[in-house]
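Enquirer:
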Amino acid sequence: MVSKNSMRLEFLGCAQNESFARVVISAFAVQLGPTIEEITDVKTAVSEAVTNAIVHGYEGTQGMVVLSACVEDEHVLSVTIEDAGKGIADVEKAMEPFYTTQPEMERSGMGFSVMQTFMDTLEVTSVPGEGTRVRMTKRFGADA
Amino acid sequence: MLKHRKQGDALVVCLEGELDHHCAQIVRQEMDRLIEEERPQRLIVDMQGVSFMDSSGIGVLIGRYRTLSRCGGRMAVCNMSPHVERIFQLSGLQRIIEKVR
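In order, the protein sequences belong to chains V and P.
To convert, note that position 53 of the first sequence is 52 in numbering that gives the first Met the number 0; the numbers rise steadily by one, no gaps.
To convert, note that position 36 of the second sequence is 35 in numbering that gives the first Met the number 0; the numbers rise steadily by one, no gaps.
In structure tokens, the structure reads:
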């Protein structure tokens, strides 16, 4: 019985680290033998979740973001992005396409829609004043 | 600095690299400066050099589309990779921003 491979990384929630998080998740996901398209899907979803943590969770203040990932089985990757920011009062509302609290900042309101489209599952749990946790999974080779 | 050129009455702006929230801030400023200077009737955004884009890129395109529309200008995009095009379609931008070759 081989134990499941996993990783956990904590980094400062600043915009420069968005690309860092994408590189890390790509490097970790490689062991599942994904296609370039599948890797791009995961990178994009992670980029959205990390951006949300920075832009909305911490709103310009800088807190820590935790990115963790786990190889659930030989085809499935799970990824979790957590922040200890202000949280989301109405998760359902936040997940509506084009809903944004920052239209003046040119946020498109498409973050959760992108995560939903590019991953297979998406769970968002949030406690106002405590933070937000986004867990996503993706099955590789689903089209094969 | 963004590469750009005039093509008839159009201003062609070539985006490069990763268009995420971090880079979007700089790209937005640069594009607005060019639009202000050139006052183009038509803006064509060449996406050929964009290696990655998330929904922050959509925000940049929508924002410039609005700026152009206010001045009676039009906007188009070209050379999107399949990845960029998927996000473009998902956001419904193809309904308001023309795709050209």
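Where is the CB? At the ideal position from N, CA and C, for every residue including glycine.
Please state whether DSSP places residue 130/V in a helix, a strand or coil.
Expert: Reading the first sequence from its first residue, position 131 is the one you call residue 130/V. Residue state, collapsed to three classes: strand.
Enquirer: Under the rule that 16 or more other beta-carbon atoms within 10 Å means buried, what is residue 90/P, buried or exposed?
Expert: Here residue 90/P corresponds to residue number 91 of the second sequence, with the count starting at 1. By the neighbour-count rule (16 or more Cβ atoms within 10 Å), residue 90/P is buried.
Enquirer: With a cut-off of 8 Å on the beta carbons, I'd call residue 47/V and residue 114/V a contact; round off their distance for me.
Expert: Taking the first sequence and counting its residues from 1, one reaches residue 47/V at position 48. Taking the first sequence and counting its residues from 1, one reaches residue 114/V at position 115. Sure, about 5 Å apart at Cβ, within 8 Å.
Enquirer: Do three or more CB pairs link the segment 129 to 142 of chain V to the segment 76 to 87 of chain V at distances below 8 Å?
Expert: yes
Enquirer: If you drop the 5 nearest sequence neighbours on each side, which residues of the same chain put their C-beta closer than 8 Å to that of residue 6/P?
Expert: Walking along the second sequence from the start, residue 6/P turns up at place 7. So the list reads 43, once near-sequence residues are dropped.
Enquirer: Please report how far the alpha carbon of residue 141/V lies from the alpha carbon of residue 38/P, in whole angstroms.
Expert: As a first step, residue 141/V is located in the first sequence; it is residue number 142 there, counting from the start. As a first step, residue 38/P is located in the second sequence; it is residue number 39 there, counting from the start. Near 48 Å, if we compare the C-alpha coordinates of residue 38/P and residue 141/V.
Enquirer: Could you say which of 75/V, 53/V and 66/V lies nearest to residue 101/V if we only look at CA atoms?
Expert: Position 102 of the first sequence holds residue 101/V. Out of 75/V, 53/V and 66/V, 53/V has the C-alpha closest to the C-alpha of residue 101/V.
Enquirer: Does the pairing of the segment 19 to 26 of chain P with the segment 60 to 70 of chain V give three or more beta-carbon distances under 8 Å?
Expert: no
Enquirer: For a minimum of 4 consecutive residues, which ranges assigned as the alpha helix (DSSP H) are wholly contained in the segment 40 to 86 of chain P?
Expert: 54 to 69
Enquirer: Using 8 Å as the limit for Cβ to Cβ distance, is residue 59/V near chain P?
Expert: Residue mapping note: residue 59/V aligns to position 60 of the first sequence, counting from 1. Judged by the 8 Å Cβ criterion, residue 59/V is not in contact with chain P.
Enquirer: Output needed in chain order: residues of the segment 84 to 95 of chain P with a Cβ under 7 Å from some Cβ in chain V.
Expert: 86, 89 and 90
Enquirer: So is residue 33/V buried or exposed if we call it buried at 16+ other beta carbons inside 10 Å?
Expert: Indexing the first sequence from 1 puts residue 33/V at position 34. Per the 10 Å Cβ criterion, buried.
Enquirer: Look at the alpha carbon of residue 81/V and the alpha carbon of residue 118/V, and state the distance between them as a whole number of angstroms.
Expert: Against the first sequence, residue 81/V aligns to sequence position 82. Against the first sequence, residue 118/V aligns to sequence position 119. Each residue's Cα considered, the two are about 17 Å apart.
Enquirer: Since residue 46/P contacts residue 99/P with CB under 8 Å, what's their CB separation in whole angstroms?
Expert: Here residue 46/P refers to the residue found at position 47 of the second sequence. Here residue 99/P refers to the residue found at position 100 of the second sequence. That pair is no contact at about 11 Å.
Enquirer: What are the uninterrupted segments assigned as alpha helix (DSSP H) that are 4 or more residues long and contained completely in the segment 68 to 100 of chain V, given in chain order?
Expert: Taking only runs of at least 4 residues, the alpha helix (DSSP H) segments lying wholly in the segment 68 to 100 of chain V are 90 to 93.
Enquirer: Could you name the residues of the same chain whose beta carbon sits closer than 6 Å to that of residue 110/V, not counting the 5 residues immediately before and after it, in chain order?
Expert: One-based indexing of the first sequence puts residue 110/V at position 111. Same-chain partners within the cutoff: 47 and 51.
Enquirer: Which whole-angstrom value describes the C-beta separation of residue 28/V and residue 76/V, a residue pair presumed to lie in contact below a C-beta threshold of 8 Å?
Expert: As a working mapping, residue 28/V is identified with position 29 in the first sequence. As a working mapping, residue 76/V is identified with position 77 in the first sequence. Sure, about 6 Å apart at Cβ, within 8 Å.
Enquirer: Listed from N- to C-terminal order along the chain, which residues in the segment 107 to 121 of chain V have their beta-carbon within a distance smaller than 7 Å of any beta-carbon of chain P?
Expert: Result list: 107, 109, 110, 112, 113 and 116.
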